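>
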Amino acid sequence: MKLFPYGHATHPQWQMAAGLVLAQLRAHLALPGYAHAPTLALLYITDHYAAHAQEILDHLSAELPDITDWSGTVGVGVASNNVEYFDEPALAVMLCELPHDLYRVFSGVSPLPPARPGGFKAHTALVHADAATPDVAELIDEMAQRTDSGYVFGGLASSRSSTVQFALSGHGNVKGQGAAGGVFSGGLSGVAFARDPSGGMGLMSRVTQGCRPISAYYEITACEGNVVMALDGRPALDVLLADLAVSLDQPREALARVRTTLVGLSRDADRPNDVVRRRAGQFGADVVVRHLIGLDPARKGVAIADLPALGMKLAFCERNAEAARADLVRVCAEIREELEPQELTLEVANALRAPEAESSPHPARRIAGAIYVSCSGRGGPHFGAPSAELQIVRRALGDVPLVGFFAGGEIARHHLYGYTGVLTVFTATDGG
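The opening residue of the sequence shown carries number 1 in full-length UniProt numbering; numbering runs sequentially from there.
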């Protein structure tokens, strides 16, 4: 297994940060355990650098001329192995060594072409999107439908200034051809990945929730627009107030409690694993969390930031750091256990469990690199200490290459989530 070179840095001047990142990348490229001929770069910047996005891409691509393809976006924070840069000028880059015929960079200027016999066929995709794009959730769902797996992953760009995406491809969409400077605003962009027929490289992705249910699960039995009017045949507002143990006779206390309450919506049929997690007081990956945006006393309804449908399941929930931490540990453990061989020699087993395993990724784990997209409302402030969220990932997966960003909404499967983390790893065969 060859690890993907990566680098990250913070500095008030983007040129200095870029220089530090390039030094890290070149150091990794010279190491025997790292890939020597990467083709695809993933670039994430914080919004402090958003105004310089084109300059940053031009500079990095000129310094790394062998990299033919670039993808990425902006966030209020960026992530890397064991560290987050939140609300400060920073960038992170990972160089992926993938055969050209196994991926395609796409954007509004160079959309993903329809699958044709003998041509490129997307199995999954990393998707970056602009929240201001009309019907963005529907576009994400449409993109998922264009993949074999029906699963895409990524997030919505988040920025307090300009919202930008990076998409530069050596497959015809290069600088100077049309409007393809590599930096875009609006719409969707990203990288589609084909299934590797040799099985040498794959992708594995998990969603980790950041909220816990505080009520039973109800069926939506009446709704209109974004207002849920009945749950299990009872007025939705009455159900909410009873679950929160508040009354509108004391409006100040009631509204304070309602403001901290969210709703979890399930659009899919229950799966066995999700049922088990519900019994343990956790949400499954089938649940999307949405804000509760208003009360409708006249109709005894509650308004939510989504369009509910009859038959959906709904649970009231709240953000919870302990639940978020436990669920993040769970998804990391699932990935690690699935990747480790079922039968280990004593030597390998001891190596994987030794304290130094964190700082020396073992080939048995078969992780070449990772992408982590987390909600901008998570990170250190939610987990109780700077970089605590990324430290959990490192302890679970080991010292593997990782980049990502803090998003305005997280993408996994065909859903747009909130308050979640989406962890995706590139896997390689033992001898890859």
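Glycine included, every Cβ here is placed at the ideal spot set by N, Cα and C. Note that the coordinates shown come from a computational prediction; the quantities given were computed from them, not determined experimentally.
Using DSSP with H/G/I as helix, E/B as strand and the rest coil, what is LEU310?
In the structure shown, LEU310 sits in coil (DSSP, three-state: anything other than H, G, I, E or B).
> Where does the unbroken beta strand (DSSP E) through GLN165 begin, and where does it stop?
165-168 is the span of the beta strand (DSSP E), which, as asked, contains GLN165.
> Considering only residues of the same chain and omitting the five flanking positions on each side of HIS123, which have a CB-CB separation below 7 Å?
THR147, ASP148, SER149, PHE193, ALA194, ARG195
> May I ask you to report which of helix, strand or coil DSSP gives TYR49?
helix
> Given that a residue counts as buried once 16 or more other Cβ atoms are within 10 Å of its Cβ, and exposed if not, what is ALA324?
buried
> What do you reckon, are the CB atoms on ALA222 and ALA230 nearer than 7 Å?
Yes; because the gap between Cβ atoms is below 7 Å, this pair is in contact.
> Within the present structure, is the beta-carbon of SER158 separated from the nearest heavy atom of the ligand FMN by less than 6 Å?
With respect to small molecules bound, the structure shown includes none, and the ligand FMN cannot be examined in it.
> What are the boundary residues of the alpha helix (DSSP H) that VAL239 is part of?
If you look at VAL239, you'll find it in the alpha helix (DSSP H) that goes 236-244.
> For GLY7, list the residues DSSP reports as bridge partners.
VAL93, per the DSSP bridge assignment.
> ASP327 lies in the alpha helix (DSSP H); which residues open and close that run?
321-339
> Counting Cβ pairs closer than 8 Å, one from the region 8-15 and one from the region 372-386, do we hit at least three?
no
> Over what stretch of residues does the beta strand (DSSP E) that includes PHE383 continue unbroken?
Here PHE383 belongs to no beta strand (DSSP E); instead the alpha helix (DSSP H) covers 379-383.
> Which class does ALA62 belong to by DSSP, given the choice of helix, strand or coil?
helix
> Let me know if ALA79 comes out buried or exposed under the rule of 16 or more other beta-carbons within 10 Å of its beta-carbon.
buried
> Tell me which residues share the same chain as SER266 and place their Cβ nearer than 6 Å to its Cβ, disregarding the 5 neighbours each side in the sequence.
Only ASP286, VAL287, LYS313 meet the Cβ criterion.
> I'd like the span of the beta strand (DSSP E) that includes VAL302, first residue to last.
301-304
> When we look at the beta-carbon of GLU142 and count the other beta-carbons within 10 Å, is it buried (16 or more) or exposed?
By the Cβ neighbour-count rule, GLU142 is exposed, with fewer than 16 other Cβ atoms within 10 Å of its own.
> Tell me where the beta strand (DSSP E) around GLU84 begins and ends.
83-86
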